[in-house]
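All remarks here apply to the structure that follows.
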Amino acid sequence: MPNIDLHHHIYIPEVEEIVAAERKGRPQHADSFENFFPPVSSEYNRRMAQEKWAVQLRDAGRKLADMKADRLDMALISTSPPHFFYWIGGALGDQVCRITNDGIVNFCQKHPDRFRGLGNVPLQNGGEAAAAELERAMGMGLLGCVIADRVGPHALDEPQFEPFWAAAERLGALVFVHPDFADFRPLFPYYMANCVGNPLATTVAAARLILSGHFERFPGLKLLLAHAGGNLAWAIGRIQHAWEVRPETKVHTPHPPRHYFKNLYFDVITFSQPGLRWLVQEVGAGRVVCGTDYPYDMMQERVVDFVEGSGLSAADQEKVLRTNTAKLMRL
């Protein structure tokens, strides 16, 4: 059975002409690095994008070579948050999603034994638009979609997104929740928007989905949470204690919060082998999957070696590297 990376990013260059035109006149457009980082970080990100990431995001040969070096046989590809383009609304936002998804399908079809894909959906245009594009994308062979932890100021459990969630459940989609950067000034320096803010954002999104009764309304949903689920596995004890002692936490959830881990998967990106063991202990080996965050500098490098050297049992390693991932890839 192959070693599979479920957190592997791609960029579809066919959207660039449209996106570049929309950026004109927006020096602080919605996906600008300057919204989230000081100049030193913004400049470094631009340089890395030009020197390294652009090729790794687009070139299949480079991807395959890097996967071979990391002992990975297959990857589930998805765009990263700067390429969700939620700031482009209306018909143009729908078009950007369609172009992106057509490009992902084309990329996977050229290497069917190595890549499968998740699409983009225009959540900025509401749940109906996102549901329609999800159905179209999955009709072309994609396995689901990637979304951010929020859409502008709107949380994922808000009512306008329910048509999307209903479609995701009906279609059996895998929904990959990947945090976007937060415009929160205390996180501005020291790359904290990523190393602190991203895990926090995922934790907030997942906790809201649990406590809002989202998985009671849509019990068949499958969500993959990036970066080991943020801090959720570490916070779940406190969340569950609150559920036991506070009335407002039980309004929508008849079951304890841990019950809803059955709807969630967590990638291994902890950068800590004791942390990975703790994650498996808290959520179960059947909920943890291999993922890298390729190609960015915050990726879990040599991920197969990382899992094999973590101290997990051979049976748990098999689940994390192969069994769970193959199930989600529908192999």
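Residue numbers (the working numbering): 12 to 342.
Beta carbons: idealized from backbone N, C-alpha and C, even for Gly.
Spatial neighbours of Ser223 in its own chain (CB-CB distance under 6 Å, excluding positions within 5 residues in sequence) are listed in chain order as Asp168 and His263. By the Cβ-count criterion, Ala179 is buried, with 16 or more other Cβ atoms from all chains shown falling within 10 Å of its own Cβ. Two segments are said to touch when three or more pairs of C-beta atoms, one from each, lie closer than 8 Å; by this definition the region 151-158 touches the region 103-121.
The region 14-25 makes contact with the region 332-340: 3 or more CB pairs, one atom from each, lie closer than 8 Å. Between Pro92 and His165, the beta carbon gap of about 15 Å keeps them out of contact (Cβ cut-off 8 Å). Counting only residues of its own chain and dropping the five nearest sequence neighbours on each side, Ala184 has a CB closer than 8 Å to the CB of Leu145, Met149, Leu154, Gly155, Cys156, Ala178 and Lys233. Here the alpha carbon of Trp176 sits roughly 8 Å from the alpha carbon of Gly138.
The region 277-285 makes contact with the region 305-317: 3 or more CB pairs, one atom from each, lie closer than 8 Å. Annotated three-state conformation of Tyr271 is helix, per DSSP. DSSP links His165 through a beta bridge to Val162.
Beta-bridge annotation (DSSP): Ser89 is paired with His20. The three-state reading of DSSP puts Lys35 in coil, since its state is none of H, G, I, E or B. For Val315, the enclosing alpha helix (DSSP H) starts and ends at Val314 to Glu319. Here Tyr276 is actually not in contact with Leu220; their C-beta atoms are around 14 Å apart, not less than 8 Å. The beta carbon of Ala244 sits closer than 8 Å to the beta carbons of Phe277, Trp289, Leu290, Glu293 and Val294 from its chain, once the five residues preceding and following it are set aside; these are given in chain order. DSSP links Val299 through a beta bridge to Phe277.
When secondary structure is reduced to three states using DSSP, Phe226 falls in the helix class. By the Cβ test, the region 50-58 is not in contact with the region 67-81, since fewer than three Cβ pairs between them sit closer than 8 Å. One alpha carbon belongs to Val207, the other to Leu198, and they sit about 8 Å apart. Annotated three-state conformation of Tyr201 is coil, per DSSP.
By a beta-carbon distance limit of 8 Å, Ala237 contacts Thr213. Their separation comes to about 6 Å. The beta-bridge partner set that DSSP reports for Ile15 consists of Met85.
Looking only at Asp308, Leu287 and Met309, the smallest Cα-Cα distance to Leu332 is reached by Leu287. Straight across, the Cα-Cα distance linking Leu75 with Ile88 is about 12 Å. The three-state secondary structure of Tyr55, taken from DSSP, is helix. According to DSSP, residue pairing for Phe118 in a beta bridge does not occur. Counted as a single uninterrupted DSSP element, the stretch harbouring Val26 is not any beta strand (DSSP E), since DSSP gives it neither H nor E.
For Gly138, the enclosing alpha helix (DSSP H) has its first and last residue at Gly138 to Gly150. By the criterion of a C-beta distance shorter than 7 Å, Ala204 is surrounded in its chain by Phe47, Phe48, Phe192, Ala193 and Leu198, once the five residues flanking it on both sides are discounted.
In the same chain as Pro174, and ignoring 5 residues on each side of it, the C-beta atoms closer than 8 Å to its own belong to Gly137, Gly138, Glu139, Ala141 and Ala142, in chain order.
Using a 10 angstroms sphere on the CB of Asp308, the tally of other CB atoms stays under 16, which defines it as exposed.
Remark: C-beta atoms of Ala216 and Asp160 approach each other more closely than 8 Å. Distance between Asn209 and Leu323, taken at the CA atoms: about 26 Å.
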